[in-house]
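Chains as they are written, first to last, in the working numbering: chain E, 1 to 547; chain Z, 1 to 547.
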Ligand SMILES: Nc1ncnc2c1ncn2[C@@H]1O[C@H](COP(=O)(O)O)[C@@H](O)[C@H]1O
């Protein structure tokens with residue numbers, strides 16, 4: 001027997017319709033590529049996203065066709081989020097930090113039909129357009145007057161002229177909620193990048209899940225600053241959650257330095273921000289150097305890579321900002337866990353609470369997780385046993401676009417497919433997960449595993465250390481031994497011996513790295529994560545002490 | 001093109017699996033019919049709900065068969081919520097406050113196959129069982145030892161013996177998420193009651209929506225007391241939202257008096273409570289009489305009927321408790337709107353904020369609403385125009401069980417069906433809805449409408465008034481004129497003239513009631529709402545002054 005409820009597909013167009021009807025006057029503020037601050041609101045974004053929809057129809061793009069963006073966080077990008085997906089086309093956010101060759105590969109693999117780009121990426125587009133034969137339409141996110149006469153890019157149009165020619169009424173079509181809505185390629189450290197192909201259903205469910213009080217806790221009372229780029233897993237889904245709750249949105253554009261981010265937070269009364277640790281590092285440095293405080297910021301969601309404990313304490317103790325440690329991945333839309341305490345833990349002493357808050361946290365309802373050993377057996381949730389972390393849920397991929405890489409899932413006895421995250425983790429009795437490593441980064445020393453993240457976090461707690469990467473080096477007796485590669489803070493000093501001594505009492509003796517290597521910079525990937533593969537290549541002549 | 005996300009139906013069994021795996025140790029506390037306080041946790045509730053599932057299979061009840069409950073809020077009722085729906089049967093919560101004849105009618109209409117009841121309802125069950133031929137299984141929610149030997153009810157079993165005989169492993173079946181999961185009959189002031197038939201999908205989406213920060217804001221940090229009965233629209237969906245977020249739950253059982261509720265709040269560190277105004281009235285009176293304060297309660301959700309302004313102020317000013325005014329109905333699962341401020345409103349002065357907070361609030365994403373005139377045209381959102389309130393969304397009914405009453409929806413130009421709520425409301429430019437009346441209660445005086453709720457709220461603000469009902473009386477010239485029927489607080493005094501004078505300056509002159517009628521009690525329906533129909537009958541000999 002079926003229930004007798006209204007059948008209404010979960011479509012992304014519902015989000016923008018809701019935001020317009022119920023939160024039309026709420027601000028959307030953007031620092032633009034042009035450098036100025038631009039103000040609009042949900043009503044205008046909705047209106048212009050309907051112009052985008054008409055403009056796409058006018059290009060005669062088919063249902064399911066990919067429309068790519070190469071853009072920073074801003075209102076035009078937001079309009080494309082709703083305009084493209086709302087019509088049944090697929091929004092494909094490109095990561096401008098990728099190598100041009102990789103970008104070309106991705107555009108061709110996705111068979112993008114149109115590409116919308118910020119003017120700051122004009123040189124990049126000039127360099128690649130001729131290698132992207134599927135792209136028939138090039139649109140620059142600017143006014144008609146800002147368009148260069150001689151770009152050489154065939155048929156280049158300005159976004160404002162393109163949508164300006166369209167009427168602003170549009171009836172969003174209704175279709176199967178499992179229709180593809182957007183796509184995002186993984187950073188893919190080995191092999192070619194693979195794409196997650198999200199659906200309207202998965203995006204809507206994630207929008208609910210991510211806004212829940214124990215996840216990012218988004219509400220109409222908030223002024224939210226997504227520092228995490230809209231080309232990086234849809235800014236963690238914040239544009240969608242924001243439309244669902246009708247909060248104020250503040251977009252930083254390309255200016256992610258500490259000063260610009262700080263000024264935006266203060267000027268726009270930002271209450272919540274979200275981003276990767278490297279951005280917060282810059283922000284904290286700016287605050288410290290200039291003895292500043294926050295007047296409205298209440299919490300910040302930090303994820304994308306492990307949040308160093310020192311960062312959580314700094315935000316908390318010095319600035320009264322609650323850090324929510326979050327974990328997820330492109331294949332998960334991306335949110336899997338967020339670290340917020342449970343009722344019973346609120347009675348714990350502060351340092352006990354901090355221990356919990358360092359973990360990556362608990363799953364949001366919708367996501368289930370487990371850790372397994374090499375045989376695939378589920379391991380106990382004791383906070384000690386570690387194993388491969390597997391996940392399942394309606395906003396987690398079943399397979400990659402075009403079936404690349406085959407079926408990634410591992411099936412349990414009930415036939416449920418679990419996605420292997422590639423992370424190694426522990427889960428404690430309260431369901432708090434802690435990543436100990438990427439499975440490919442874990443260091444195997446004498447049959448035991450050493451967490452590279454633990455080793456890095458200790459180095460990061462040293463006042464002279466700006467960034468640290470722990471990697472395993474081949475060792476004749478122990479198989480592998482850890483070393484720590486360190487970037488010092490400008491002007492700060494610390495010797496190899498001092499840093500090794502710093503590990504004493506903070507970690508088991510056999511886990512202390514065998515060596516410290518000082519470098520000027522650690523290679524970062526397009527999403528701001530340390531690229532240990534590249535680092536290993538750079539150190540290919542390195543020999544462990546005593547070997 | 002379809003997305004490539006995991007396909008996982010939204011099933012109620014996922015909720016209890018999540019609560020067990022990720023929040024197993026979190027407390028579920030119940031004041032029992034037996035009078036004592038019982039403690040269990042999500043793990044145990046999940047385990048026993050699997051025993052319920054096995055026990056239902058053993059009875060050979062079919063998929064979609066209705067299992068009725070006649071029970072207060074407590075852990076056994078919670079186990080039935082998941083055990084019954086999880087197996088694909090339909091949980092039918094009966095309202096024990098209904099007249100026995102009505103109860104019999106409903107059980108027969110629903111064709112309930114089994115009925116589980118609290119021992120406090122044994123006399124009621126004894127009186128009705130022989131008139132309920134579809135019910136093959138009678139289960140008393142108690143220990144085997146508490147079972148009366150001579151109930152006369154055929155095959156009566158105790159719940160503990162019934163589930164105790166079953167193993168606690170069970171593989172929850174997977175099925176279409178649109179499958180019926182539970183049902184609830186409306187109070188139906190005219191004609192026979194009609195039932196809303198919820199689905200797994202609608203229940204799950206509502207569980208997300210209701211837990212959002214701008215709705216009830218449920219989190220694992222909370223200890224939540226649903227005072228609203230589990231037989232009244234599933235306690236506003238709190239059992240489901242609670243499982244989704246893994247909060248502590250505190251059930252009051254049958255003891256809804258001020259003292260019992262207060263003691264439970266204090267003993268169990270309740271942070272959030274939810275219920276209808278009448279319960280809070282009793283609680284506030286208890287606090288005032290005994291000069292008590294709350295030590296943990298932070299917010300309370302008040303809905304089901306209009307929350308008197310005086311109550312919002314009392315909670316806020318005297319006890320520091322945030323009142324969330326909520327609106328919904330059986331046909332809406334039930335949540336439609338909750339009143340929480342927007343970012344831009346946080347800068348308003350206190351009294352301006354209070355004005356907003358008196359309204360029934362903004363829609364939760366998923367629900368859309370509009371007000372229309374008699375021709376069905378949408379009215380402006382200006383906070384003044386009032387009209388019939390229509391709603392649509394995935395947790396709102398499309399039709400009643402067995403098609404009773406035909407197709408209730410009204411269709412717009414795009415073919416979207418809207419459910420007419422029977423409420424008359426305004427909506428302001430910020431999307432805040434305010435109920436001015438039930439359409440059948442609105443008073444039509446000289447071509448203009450008078451809101452009975454406005455008239456009642458003013459009387460309720462008078463210190464001597466415990467309860468007030470405004471009804472329209474036939475008038476030869478004006479068509480109808482309002483009178484206010486008042487119950488005085490014990491020991492308090494106020495005259496007709498004093499009360500009429502109290503209206504001066506608080507409402508337009510022509511809206512001031514023509515008369516005050518003092519009574520000992522105002523009739524309340526099974527869900528605690530004033531029954532104006534009955535009141536009108538009681539006053540059928542009444543004549544307006546000067547007529
Ligand atoms: N906060 C509220 N203010 C005024 N009326 C309310 C409120 N909440 C619920 N109601 C009324 O209760 C009706 C639903 O009744 P029920 O289906 O029994 O829950 C609504 O249509 C409203 O008339």
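We put the CB at the ideal spot given by N, CA and C, even for glycine.
- Contact between residue 17 of chain E and residue 56 of chain E is absent: CB atoms are separated by about 18 Å, not below the 8 Å threshold.
- Only those residues of the stretch 166-199 of chain Z whose C-beta falls short of 8 Å from the nearest C-beta of chain E are listed: 171, 176, 178, 179, 180, 181, 196, 197, 198, 199.
- The stretch 274-293 of chain Z makes no contact with the stretch 56-72 of chain Z, as fewer than three CB pairs between them are under 8 Å.
- Around residue 77 of chain E, no beta-carbon contact reaches into chain Z at under 9 Å, the shortest distance being about 21 Å.
- Inter-segment contact for the stretch 473-490 of chain E and the stretch 507-527 of chain E is present: three or more beta-carbon pairs are separated by less than 8 Å.
- Residue ranges of uninterrupted beta strand (DSSP E) with 3 or more members, entirely inside the stretch 65-134 of chain E and ordered along the chain, are 66-70, 90-93, 114-117.
- Ligand 1 has a heavy atom closer than 8 Å to the beta-carbon of residue 233 of chain Z.
- For residue 462 of chain Z, the secondary structure class from DSSP, reduced to helix, strand or coil, is coil.
- Counting only residues of its own chain and dropping the five nearest sequence neighbours on each side, residue 358 of chain E has a CB closer than 6 Å to the CB of 309.
- For residue 90 of chain Z, the nearest CB of chain E lies under 9 Å from its own CB, placing it at the interface with that chain.
- Residue contact with chain Z for residue 502 of chain E: absent (no Cβ-Cβ distance below 9 Å to any residue of chain Z).
- In terms of beta-carbon proximity, residue 236 of chain E stays away from the interface with chain Z, with every pair separated by 9 Å or more.
- Remark: three or more beta-carbon pairs, one from each stretch, lie closer than 8 Å, so the stretch 112-122 of chain E and the stretch 62-78 of chain E are flagged as touching.
- Beta-bridge annotation (DSSP): residue 286 of chain Z is not paired with any residue.
- Fully contained in the stretch 479-535 of chain E are the following beta strand (DSSP E) runs of length 3 or more, in chain order: 479-488, 515-518.
- Pairing residue 272 of chain Z with residue 301 of chain Z gives a Cβ-Cβ distance under 9 Å.
- Residue 32 of chain Z: not part of any beta strand (DSSP E); DSSP gives it neither H nor E.
- Straight-line spacing of the CA atoms in residue 123 of chain Z and residue 433 of chain E works out to 51 Å.
- In the DSSP annotation of this structure, the continuous segment of the alpha helix (DSSP H) that includes residue 353 of chain E starts and ends at 350-357.
- Rounded to the nearest angstrom, the Cβ distance from residue 231 of chain E to residue 94 of chain E is 6 Å, consistent with a contact under 8 Å.
- In the structure shown, residue 400 of chain Z adopts coil according to DSSP, grouped into three states.
- The beta carbon of residue 336 of chain Z does not come within 9 Å of any beta carbon belonging to chain E, so the residue lies off that interface.
- Identification of chain E residues near residue 245 of chain Z by a Cβ-Cβ cut-off of 8 Å yields 212, 213, 214, 365, ordered along the chain.
- For the pair of segments examined, the stretch 381-399 of chain E was found not to touch the stretch 30-38 of chain Z: the number of CB pairs separated by less than 8 Å stays below three.
- Among the residues of the stretch 22-46 of chain Z, those with a Cβ less than 9 Å away from any Cβ of chain E are 22, 23, 24, 25, 26, 27, in the order of the chain.
- Excluding sequence positions up to five before and after residue 222 of chain Z, its CB lies within less than 8 Å of the CB of 245, 247, 248, 271, 272, all in the same chain and listed in chain order.
- Residue 51 of chain E sits away from residue 400 of chain Z, with the two beta carbons spaced by 9 Å or more.
- Of all alpha-carbon atoms in Z/489, Z/520, Z/476, the one lying nearest the alpha-carbon of residue 543 of chain Z is that of Z/476.
- Ranked by Cα distance from residue 214 of chain E, the first of E/429, E/496, E/275, E/335 is E/335.
- If you check the CB distance, residue 488 of chain Z and residue 469 of chain Z do not come in under 9 Å.
- Bounds of the alpha helix (DSSP H) holding residue 23 of chain E are 12-23.
- Excluding its 5 nearest sequence neighbours in each direction, residue 125 of chain E has C-beta neighbours in its own chain below 6 Å: 117, listed in chain order.
- Contact annotation: in the stretch 376-398 of chain Z, residues whose CB is within less than 8 Å of a CB in chain E are 392, 393, 394, 395, 396, 397, 398.
- Of the heavy atoms belonging to ligand 1, at least one sits nearer than 8 Å to the Cβ of residue 306 of chain Z.
- If you check the CB distance, residue 30 of chain Z and residue 269 of chain Z do not come in under 9 Å.
- Taken in chain order, the whole alpha helix (DSSP H) runs of length 4 or more contained in the stretch 234-316 of chain E are 238-245, 258-267, 277-290, 309-313.
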